[in-house]
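Quick notes on the structure that follows.
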Ligand code: NAP
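Residue numbers (the working numbering): 955 to 1298.
Below, the structure written as structure tokens:
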């Protein structure tokens, strides 16, 4: 049974990756940082399912800003594969918290790599790099595109990416970076633009909200489906040689197109509900991201399976279902869900 460690397991991608690896028979360990609420909503179901087939999913308290906790865990688990997905991953927030963003993403990656080096174990290592590190390099962006990041998050992602490449070249690690373009799902955090739109559309449809405030509708992004993208992460670590791969659909759409498609799902005209809020604009933004993922198609045999329209539909329908369930649950007594046990 292969032992994997996922940092960022409580996030969108980490939770889908845990589903994916458990289905492949892995033993999965995830790190969870201390916060005042449970924060395990996205993986509660993983724990419950794993309990049925025998406990193969474990959560541990640790933090990428805390070297001691990482050292303890790597010694304890001795993972064969590490997926480093933890980050302050919100671009707009990174302008407000640049130091923290750099410390978690770039500093955290450096700490994890160095702890692994010092323990002497040789796990395969996956780094969650981001297309944000390309900045305004002209589309389509490939592995060869020159980085000119447009945000502290993009800078941190480029630094983390470069560190992983450096450890690979200096110490011969099997360390690969997936340079992922935007990917969404019903588990996307509610403050990211795709989920902000899908959730607001559901609230407006249910007459629980009137308006949706957004920033720049003209930026173009390459949007994919998160479960498709975690499959690419796993494929990278199964290759004989480590390498870096761009992962994206090759299609781009504006935020306006996302808005139009989402409102169309519930037969509403977006013009009646969307307002532009200058506070939502970033100090600097990337105009156009569109992936050239031909290397991943050729070498990994990876293809996206879910289209842009399907992603929008899945997200709007999921938010409608969740809101309807929450409204009806608030009228009834409910049972608290069980939580994953923490091995601290
Ligand atoms: P996400 O939903 O924001 O999840 C981030 C995860 O990192 C959460 O589990 C979070 O824990 C954890 N985390 C944050 N700070 C931490 C710290 N100091 N120590 C330990 N854990 C910490 O992000 P995602 O969408 O799943 O993305 C996964 C990774 O891929 C991120 O590195 C992101 O930058 C990168 N990426 C994402 C996209 C995308 O479109 N989704 C594209 C390219 C790259 P809490 O749950 O406690 O907050």
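Backbone N, C-alpha and C define an ideal beta-carbon position, used for all residues, glycine too.
query                                                                                                                                                             : result
By the 10 Å Cβ neighbour count, where 16 or more other Cβ atoms means buried, how is residue 1033 classified, buried or exposed?                                  : buried
Have a look at residue 1044 and residue 966 and give me their C-alpha separation to the nearest angstrom.                                                         : 12 Å
Could you check what DSSP says for residue 1055 in three-state terms: helix, strand or coil?                                                                      : helix
Is residue 966 near the ligand NAP, going by C-beta to nearest heavy atom under 6 Å?                                                                              : yes
What I want to know is whether the C-beta of residue 1153 ends up closer than 6 Å to one or more non-hydrogen atoms of the ligand NAP.                            : no
Along the alpha helix (DSSP H) that carries residue 961, what are the first and last residues, could you check?                                                   : Note, residue 961: premise wrong, no alpha helix (DSSP H); beta strand (DSSP E) at 957–961.
Would residue 1180 pass as a contact of residue 1132 if the rule is Cβ separation under 7 Å?                                                                      : no
Pull up the CB-CB distance for residue 1056 and residue 1156, whole angstroms please, since I reckon it's below 8 Å.                                              : Between residue 1156 and residue 1056 the Cβ distance is about 35 Å, and since that is not below 8 Å, they are no contact.
Under 6 Å Cβ to Cβ from residue 962, same chain only, skipping five residues before and after it: list those, please.                                             : 968, 1039, 1040
If we count Cβ pairs, one from each stretch, closer than 8 Å, do we get three or more for the region 1259–1275 versus the region 1148–1164?                       : yes
Give me the Cα-Cα distance between residue 1190 and residue 1035, rounded to the nearest whole angstrom.                                                          : 11 Å
Look at the alpha carbon of residue 1140 and the alpha carbon of residue 1116, and state the distance between them as a whole number of angstroms.                : 31 Å
Which value, in whole angstroms, describes the spacing of the CA atoms of residue 1283 and residue 1202?                                                          : 38 Å
Using CA atoms only, rank isn't needed, just tell me which of 1051, 1214, 1256, 1247 is closest to residue 1200.                                                  : 1247
Beta carbon of residue 1137: closer than 6 Å to some heavy atom of the ligand NAP?                                                                                : yes
How about residue 1228 and residue 1160: do their beta carbons lie closer than 7 Å?                                                                               : no
If you check the beta carbons only, do residue 1125 and residue 1080 fall under 7 Å apart?                                                                        : no
Is DSSP giving residue 1131 helix, strand or coil here?                                                                                                           : strand
DSSP beta-bridge partners for residue 938?                                                                                                                        : This structure does not reach residue 938, given that the chain is present from 955 up to 1298, and the question cannot be answered.
According to the neighbour-count rule (16 or more other Cβ atoms, all chains shown, within 10 Å of its Cβ), is residue 1104 buried or exposed?                    : buried
Since residue 1172 and residue 1208 should fall inside the 8 Å C-beta cutoff, what is the C-beta to C-beta distance between them, to a whole number of angstroms? : 6 Å
Per DSSP, residue 1200 forms a beta bridge with which residues?                                                                                                   : 1133
Distance, Cα to Cα, residue 1244 vs residue 1093?                                                                                                                 : 5 Å
Just reading off the alpha helix (DSSP H) that residue 1050 is part of, what are its end residues?                                                                : 1045–1050
Between 1086, 973, 984, which lies nearest to residue 1242 when the distance is taken from Cα to Cα?                                                              : 1086
Between the Cα of residue 1096 and those of 1212, 1198, 1222, spot the shortest distance and give me the residue it belongs to.                                   : 1198
Distance, Cα to Cα, residue 1144 vs residue 1072?                                                                                                                 : 38 Å
Do residue 1031 and residue 999 have their CB atoms nearer than 7 Å?                                                                                              : no
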